[in-house]
Every structure is written in C-alpha cells, then in structure tokens.
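Novice: Before we start, here is the structure in question, set down as structure tokens.
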Amino acid sequence: MDKLNIPQGSRVYLDSSILIYTVEVDLKFWKTLEVLWRKFAEGEISLISSELIITEVLVKPLKSQNQQSVDSYNKLLFDSGIELIPITRSLLISATNLRAKHNLKTPDAIHAATSIDLNCNRFLTNDKGFNNIPRLPTLILSQIELD
C-alpha cells in the first residue's frame, strides 16, 4: 500500500515540478509519480493546475530546441485530461493577498491561490515553502514514502 495519501475522488493540484519530474523521468521520484498517474488514469483522482504551468514547463525545452520534450509536455498538458484553470482577476487578487502575507513569488502565489480557490484536496509539489500556507493541503514529493 502506498503512502501517497490521496483518497479516491480527490482533486489534486499539480505544481510545475511534478510535470517536470514526469516528463524528464526523474528516477528519484518515479515510483511515487507512477502511483499518481495510475490513480489518475484509473479515474480515482482528478488532476488540476493553473494555465501558468504552460509557461513554466515549456521554456527550457523550447530554449534548448528539444522538440521531443516539447511534444511530451504538450501531450501531457493538453491531451491527458489535466484540468488547466485560466488566470482570472479574482485569482490574481487572491494570489496578491497570499504573496503579501506569506512572502511568495508571484508564480507560487498564483498556484496556491488557484488550489485554494478550487478547494483542491491535495497540493502536490516538491517546494517546502508551501507548507506554511493555511488551507493549502500540501504534499511534498520528496517526503512521500512508498512501502
């Protein structure tokens, strides 16, 4: 049994690092990510992120002209069923408040605000800086253990 601690029916918010580790096949996290993607493929959970993730994950492969990675990210982002949430004025206001209160960088504040506004059950990241945000049910990838 896994300790990923994502109950069936959960809405799981993905920070950009999760997609990067998936596409780049980071072996350090692959066993945990396999569980995540299996649960998603089997319809046990839904996966959500802000459209902001597009700009975060595609820059490096575009700069290096790595078309294979660009194609992999595009497939994952646009063909897998991940729900991408548009950035709205109300989300930006929520993000601004989080940024002011918790000293977050703008992209992190947008991700956190989107997850909170959508009442996601889990916020999956590898950034420990999200741990201090109330109402953000953070799971740190590097702290997840599998049996």
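Here the sequence shown is numbered in my numbering, starting from 186 and rising by one per residue. Backbone N, C-alpha and C define an ideal beta-carbon position, used for all residues, glycine too.
Measuring alpha carbon to alpha carbon, tell me which residue in LEU276, GLU219, ILE203 and SER235 is nearest THR310.
Specialist: Indexing the sequence shown from 1 puts residue 310 at position 125. Among LEU276, GLU219, ILE203 and SER235, the Cα nearest to that of THR310 belongs to ILE203.
Novice: What are the residues that DSSP puts in a beta bridge with ARG307?
Specialist: Position 122 of the sequence shown holds residue 307. Note: ARG307 sits in a beta bridge opposite VAL197.
Novice: If I measure Cβ to Cβ from PRO271 and keep anything under 7 Å in the same chain, skipping five residues before and after, which residues do I get?
Specialist: Here residue 271 refers to the residue found at position 86 of the sequence shown. Excluding positions up to five away in sequence, the list reads GLU236.
Novice: Which residues in the same chain as ILE239 place their Cβ atom closer than 7 Å to its Cβ, once the five residues preceding and following it in sequence are excluded?
Specialist: Position 54 of the sequence shown, counting from 1, holds the residue named residue 239. Contacts found: LEU262.
Novice: Could you check what DSSP says for ILE191 in three-state terms: helix, strand or coil?
Specialist: Walking along the sequence shown from the start, residue 191 turns up at place 6. Reduced to three states, the DSSP call for ILE191 is coil.
Novice: Helix, strand or coil for GLU321, going by three-state DSSP, please let me know.
Specialist: Translated into positions along the sequence shown, residue 321 becomes position 136. Position check: residue 321 holds Leu in this sequence, whereas Glu was assumed. DSSP places LEU321 in coil when its eight states are reduced to three.
Novice: Using only the alpha-carbon positions, how far apart do GLN253 and LYS213 sit?
Specialist: Working through the sequence shown from its first residue, we reach residue 253 at position 68. Working through the sequence shown from its first residue, we reach residue 213 at position 28. One C-alpha to the other measures close to 22 Å.
Novice: In this structure, what does DSSP give as the bridge partners for ILE233?
Specialist: Within the sequence shown, the letter at position 48 stands for residue 233. DSSP lists TYR198 and GLU268 as partners of ILE233.
Novice: Which residues in the same chain as PRO322 place their Cβ atom closer than 7 Å to its Cβ, once the five residues preceding and following it in sequence are excluded?
Specialist: Against the sequence shown, residue 322 aligns to sequence position 137. Cβ within range, chain order: ASN306, ARG307 and PHE308.
Novice: Between which residues of its own chain and LEU303 is the CB-CB distance below 8 Å, once the five residues before and five after are set aside?
Specialist: In the sequence shown, counting from the first residue as 1, residue 303 sits at position 118. Sequence-distant partners of LEU303 (beyond 5 residues in either direction) whose C-beta falls short of 8 Å from its own C-beta, in its chain, are ARG196, TYR198, ILE233 and ILE270.
Novice: DSSP state of GLU241, grouped into three classes?
Specialist: The residue labelled residue 241 in the question sits at position 56 within the sequence shown. Three-state result, GLU241: helix.
Novice: Smallest Cα separation from LEU180: which of GLN250, PHE315 and THR299?
Specialist: This structure does not reach residue 180, given that the chain is present from 186 up to 332, and the question cannot be answered.
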